[in-house]
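For reference, the structure discussed in these notes is given below.
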Amino acid sequence: MSEESERIKKLMELLAEEATWQGRLNGHRGQAEVAEREVKYWEDRLKQTKDNVEEFIRRRWERNLEKARARREYHLKQVTEAKRKLRKIREEIDKIIGGEEE
Numbered sequence: 860m861s862e863e864s865e866r867i868k869k870l871m872e873l874l875a876e877e878a879t880w881q882g883r884l885n886g887h888r889g890q891a892e893v894a895e896r897e898v899k900y901w902e903d904r905l906k907q908t909k910d911n912v913e914e915f916i917r918r919r920w921e922r923n924l925e926k927a928r929a930r931r932e933y934h935l936k937q938v939t940e941a942k943r944k945l946r947k948i949r950e951e952i953d954k955i956i957g958g959e960e961e
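Numbering (the working numbering), first residue to last: 860 to 961.
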């Protein structure tokens, strides 16, 4: 019974960790989408105005574009990391569940 209790405890911990990483995955996906829309917005804004805007404003918009691209890259990297962690956690869960069925 003790061994079974240990497996159940480990399974519960893994399920909680899975929920945490699933939340992170969803959050970073959403933020990456927002950053992508922002990148498109600033690219369009810069194309539309061309030279019809003061230089300091143009530089500010270019900086906003750089920041949006950096945010997008960061969140996409975090999505990849969360997927990797989830895959690992789910493999462990499958091992525990598979062991119970034997």
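Built from N, CA and C at the ideal position, the CB exists for glycine as well. Given the structure is predicted, the values throughout are model-derived calculations rather than measurements.
Query: Pick from Q937, L874, A929, E932 that is closest to N885, judged by C-alpha positions; Result: Q937
Query: Nearest neighbour of K926, chosen from T939, R946, A894 [CA to CA]; Result: A894
Query: Where the alpha helix (DSSP H) containing D903 begins and where it ends; Result: 861-908
Query: Alpha carbon of R883 to alpha carbon of E951, nearest angstrom; Result: 19 angstroms
Query: R888 versus Y900: straight-line alpha-carbon distance, rounded; Result: 18 angstroms
Query: Contact the region 862-880 vs the region 895-915: 3+ CB pairs below 8 angstroms; Result: no
Query: Candidates Q890, I916, E876, N923: closest to E902 by CA position; Result: N923
Query: CB-CB length for I948 against E877, believed under 8 angstroms; Result: 5 angstroms
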